[in-house]
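Q: Just passing along the structure, written as structure tokens.
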Amino acid sequence: MKNMTLYVDKDSFIHNIDPLTKLLFVFLSIALTYILPTHLFVICVLAFTLLLLLAGKVFKYILPVIGVSLLLIISIIIVQGFFHPDRATLLFEIGPLPIYKEGFAFALLLTLRIINMVCAFGVLILTTKPDDLVESLINKGMSPKIGYVFLSVLQIIPQMIAMTSKITDAQRARGMETEGNLLTRIKSFIPLLGPVVLNSLNDTRERSIALEIRGFNAKGTKTFLNESFHFKYGLILKIILIITLIAAIVWRVVL
Amino acid sequence: MKKNSMWSLNFTTAALVLIPAAIGINYLGKLFAGLLKLPLWLDSIGTVLASMLAGPIIGAIAGIVNNIIYGFTADPISFVYAITSAVIGLVVGIMAYKGWIVNVGKALVLGLVVGLIAATVSTPLNIMFWGGQTGNVWGDALFATMMAQDMPLWFASFADSIVVDVPDKMATVLISFLLFKGLPKNLTHMYDNRSKIERL
Amino acid sequence: MNSIRVENLTYKYPNTDTFALDGISFTVKKGEFVGIAGMNTAGKTTLCFALSGLVPHFFKGAYGGDVFIGDMDVLTHEISDITAKVGLVFENPFSQMTGAKFTVYDEIAFGLENLGIPRDEMHRRIKESMQFLDIEALGDKNPFSLSGGQMQRVAIASVIAMKPDILILDEPTSQLDPRGSEEVFRVVENLSKEGMTIIMVEQKMEKLAAYSDRILLMHEGKLIDSGPPADIFSRADLLNFGVVPPVYTTVAKALHLKNELTGLYPISLEEMPASGITNGDIRTISESLPLTKTAGPEIKVKDLQFSYNKDTPILRGISVTLSGEPTAIIGQNGAGKTTFVKLLKALLKPSAGELIINGTNTKDTTAAKLAGTIGLIFQNPNDQIFKNNVLDEVMFGPLNVGQTPEVARLNAEKMLERVGLLGKAGENPYDLSLAERKMIAVASILAMDTDIVIFDEPTMGQDARGKAILKDIIHGLHAQGKLVLCILHDMDFVAETFGRTIIISNGQLLFDGPTRIAFSEADILHTARLEQPHITQLARKMGYDGILLKESELIQE
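In structure tokens:
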């Protein structure tokens, strides 16, 4: 079955770090690029994040994820490059179109931040099993019900996608056209999505019955089949991350 | 006894299970819109339906979880817009409760309000994270034109968001409304935590 | 001591006017196996919900009377308290998977975690229940990657691991193919031998007769009768409640094989005498129904091949001409039957070979264009239903193929009447049962008035009355000069309804000819992993050396 998650099963140091420490790292990494907005510093943060991806043996898997944001990046470079409010220093010209240094510098900063954001999340997403992350959060006090919601989405969406070809077949068999002018195509949207909605809402009834039967609303304390994720340097790493964050804020305020 | 309002955190199991279904519907709405080459995203129909069925809180949770899951499985950028999705869920949930989903006319007004609010919430995010743009070709073209005429950044960015959000959210709310109206009673009452057992 | 005590139980779902349960009282002893029989609207599922506390706690509504599980009053306890004692397994295997677990092993743990069972005990119980259900090999698999029968066994294992005193099975095999059903019934048999208290709702009366100590007969929310299977199945008025007794009882009734002491009929194959049917007792009914039209619709299939990728061919060269009488297409899961009909409908394009429908090659047309010629009724009606009332849903297809609104409405109403749902034309399809929705899907295709009608598994989940309606429809379509093809797993229905049968196995056509001959080809049936109809096997055991296909072929004096 097609898997929904981007998790890559490898054996690495990064994989062994506990999910919450990695989650903290994601926030720290993104926050740093906004607290200290100089090109050099952001490049350093990005370099460190990329290093972690390399250490996690998942570097090549981040590239398609960055690719998804490519349109946004290109758009930023073009628009900011041409139209940034401080259009003073001409950097170079593409034909008749001038690119300004200020805009370009700003666009570069934004691009670095976006790539860092994607890569920082990549460190978490590519090296952490979703169920480990959710169980860690539940251990830290998140409601098990919200935990259920997160995990079940990952299982249920592939089931729903599998349904789409059956629905398309069934409606085409009843003479519905999916090609043609815009009006024809608009008209077939509801016959396609309608069964999805009815089907999945109908399933929610049966699935909630199944959950009730399995003690989903039991009042006592829950136990866990799997032992909680154990990483002995987790606390130290978290302290280091928090100190770094404080140091960056102090740096920004003082200097 | 305490009255159960739309803000009750006492969810039925069905209301919780509705959240993954809503996210699936969001996903397939987007998929079918792509398949039919429609010029809209239509990727929040499930969130809107969940709000109509189970109130603002479930709608907001559906919105947030939707973006987190989408961030985890396809595009981390979508984490940023979790706030926008949550607000869409809240607004639809509150206005549905106040009677704005009784006819097509009101549903269109609801769609307009949702679109404007979504744009308002997205604008500061867009400015903070990517200098005011949305990544949508038409919206960014407008943004560029306005910037070229030295209009204020927030204004250009807001216009960019409006172009992107308003038509899409109006269509989304309208479609959700049509689907919602067609739902059978035995499904709609299931998400309501106010019903009681009557003893014969 | 009683395991279950039900006293004057009365219940109404919210927003409804009729009582789903109406004054029901009975008790169940520890270790007893109780079967529940009745037609689709009898209230059997609601009773199962009431025994597991879902009625009233999950569904709310109006509730009267009392249900006690041991000495626990269901009304004053939480669902989780009740389900610690009562396990429930229902029809749909997919929706019983929680969705939050990525392996079968973890899936079984879900309920135990909620109950707060210590970790060591959890591992022990999971292993034990997996072993008992023979799913140890599936422990690391994703639950959603399993077959229906495997999934249903995981559902049972998940419930058993919670160590309930009572297990309730609500039509656990109605959505499974024959092999999956057998897997589940084998488990049920073991559980009943272990002495577990079991309540089972089932449409396969042969199975109910074989396992039950007692049968509750329900109709319209009321408990009509309760007694040993032989008593219940010997009732003369059984058909009024939409229940057809086991084939053994039916044949015994026809042959007047009553037990003189008890006045009851046999209910199992073992009880039937090893002789008693001779060639003189049988008057075979000619399979070929007379054709009313001379030039009917025709499908010519020439060396049809299909594969999604080159290494695994699905169809390996099928040649056949389909015309005239209704034809059953049978074969195991994965044999290629559904692929075959999708090709006929141009939903798929052949990899090689040709399909000529009424003289037109399917290469030159599309599914939407063919919609006016071939109607295809898919297995799962939920994949197509989207309108908020039954009539509009049935009119969708006819309007698409160009019928005027007036004609479409007329056709829709006519077909709804045929499937027995005209009275529900204004209702929301999702307020009806799955079996009824299946009939809506049938009506929605029939209303398109196509020359050729193809059914994919129409009998699945239907009760005796539903099957009788389908048989009438198929014969009616034939009388109108239409060509009917039907994919089926239900061999009894094939024998009862179709004159011509095609057997497909492993992408190839193994047999094409009269149904009576199809069921005499032991080797072919074995290769295609098919079985003879129950009645055929029974007649063979009782000394008849031909192939008996229907009960009406027995001469009754």
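Protein chains in written order, with our numbering: chain A, 1 to 255; chain B, 256 to 455; chain C, 456 to 1012. All C-beta atoms, glycine included, are put in the ideal place defined by N, C-alpha and C.
(1) Where are the alpha helix (DSSP H) runs, 4 residues long or more, that stay fully inside the region 774-841 of chain C, in chain order?
(2) Less than 9 Å between the beta carbons of S458 of chain C and I621 of chain C, yes or no?
(3) Answer yes if the region 167-179 of chain A comes into contact with the region 403-414 of chain B, meaning at least three C-beta pairs across the two stretches below 8 Å, and no otherwise.
(4) Please name the residues in the region 899-919 of chain C whose beta-carbon is closer than 9 Å to at least one beta-carbon of chain A, in chain order.
(5) Which of the residues in the region 203-226 of chain A, read from start to end, lie with their CB under 9 Å from any CB of chain C?
(6) Using C-beta distances below 7 Å, list every residue in its chain close to E562 of chain C, excluding the 5 sequence neighbours before and after it, in chain order.
(7) Please classify V250 of chain A: does DSSP put it in a helix, a strand, or coil?
(8) So if I threshold CB-CB distances at 9 Å, which residues from the region 511-529 of chain C count as touching chain B?
(9) Using 10 angstroms around the beta-carbon of Y233 of chain A, count the other beta-carbons present and answer buried if the total reaches 16, otherwise exposed.
(10) N835 of chain C versus chain B: which residues are under 9 Å apart at the beta carbon?
(11) Tell me where the alpha helix (DSSP H) around N1033 of chain C begins and ends.
(12) If the criterion is Cβ atoms closer than 9 Å, does the pair A492 of chain C and L672 of chain C meet it?
(13) Taking C-beta pairs closer than 8 Å, name the residues in chain A that L271 of chain B reaches, listed in chain order.
(14) Could you pull the start and end residues of the alpha helix (DSSP H) that G194 of chain A belongs to?
(15) Hey, how far is the Cα of D472 of chain C from the Cα of K353 of chain B?
(16) Between the alpha carbons of I249 of chain A and I35 of chain A, how many angstroms are there, rounded?
(17) I900 of chain C: which of C:G878, C:Y885, C:L846 sits nearest, CA to CA?
(18) In angstroms with no decimal places, state the Cα-to-Cα distance between A351 of chain B and Q917 of chain C.
(19) Going by DSSP in three states, Y720 of chain C sits in which element: helix, strand or coil?
(20) Is there at least one Cβ from chain C nearer than 9 Å to L455 of chain B's Cβ?
(21) At the level of alpha carbons, what is the spacing between I115 of chain A and L46 of chain A?
(22) In chain order, what residues of the same chain have a beta carbon less than 8 Å from the beta carbon of L297 of chain B, not counting five sequence neighbours either side?
(23) Given a cut-off of 9 Å, decide if N714 of chain C and G1001 of chain C are closer than it, judged by their beta-carbon atoms.
(24) How would you list, in chain order, the residues of chain A whose beta-carbon sits under 8 Å from the beta-carbon of M402 of chain B?
(25) Does the region 143-150 of chain A touch the region 22-38 of chain A, meaning 3 or more C-beta pairs lie closer than 8 Å?
(26) Hey, does G830 of chain C have any beta-carbon neighbour from chain A nearer than 9 Å?
(27) Closer than 8 Å by C-beta to T970 of chain C: which residues in its own chain qualify, once you throw out the five before and the five after it? Chain order, please.
(28) Return the residue from the list B:S263, B:K361, B:N281, B:V272 that minimises the CA-CA distance to L161 of chain A.
(29) How would you call L964 of chain C, buried or exposed, if buried means at least 16 neighbouring beta carbons within 10 angstroms?
(30) On the three-pair Cβ rule with 8 Å, is the region 189-205 of chain A touching the region 833-849 of chain C?
(31) If we count Cβ pairs, one from each stretch, closer than 8 Å, do we get three or more for the region 441-455 of chain B versus the region 267-274 of chain B?
(32) With F92 of chain A as the anchor, note down where its beta strand (DSSP E) starts and where it stops.
(33) Mind pulling the chain C residues with CB within less than 9 Å of D18 of chain A?
(34) Do the region 873-893 of chain C and the region 798-818 of chain C meet, that is, are 3 or more Cβ pairs less than 8 Å apart?
(35) Would you say T496 of chain C reaches chain B, if we count a Cβ-Cβ gap shorter than 9 Å as a contact?
(36) Taking the straight line between their C-alpha atoms, what separation do you get for V939 of chain C and D758 of chain C?
A: Judging by the given coordinates:
(1) 792-799, 822-825
(2) yes
(3) no
(4) S899, I900, M903
(5) D203, T204, R205, E206, R207, S208, I209, A210, L211, E212, I213, R214, G215, F216, N217, A218, K219, G220, T221, K222, T223, F224, L225, N226
(6) M552, T553, K556, P598, V609, S613
(7) helix
(8) P511, H512, F513, F514, K515, G516, A517, Y518, G519, G520
(9) exposed
(10) Under the 9 Å cutoff, chain B gives no residues; its nearest Cβ is about 16 Å from N835 of chain C.
(11) The requested residue 1033 of chain C does not occur in the structure, where chain C is confined to residues 456 to 1012.
(12) yes
(13) K145, Y148, V149, S208
(14) 189-213
(15) 29 Å
(16) 7 Å
(17) C:L846
(18) 39 Å
(19) coil
(20) yes
(21) 8 Å
(22) G284, K285, F287, A288, D423, A426, T427, I430
(23) no
(24) V79, F83, H84, P85
(25) no
(26) yes
(27) E742, A783, V949, A950, F953, G954, R955, T956, L1004
(28) The residue asked about is misnamed: residue 161 of chain A is Ile in this sequence, not Leu. The shortest C-alpha separation from I161 of chain A is found at B:N281.
(29) buried
(30) yes
(31) yes
(32) 90-94
(33) Correct list: empty, because the minimum Cβ distance to chain C is about 19 Å.
(34) no
(35) no
(36) 21 Å
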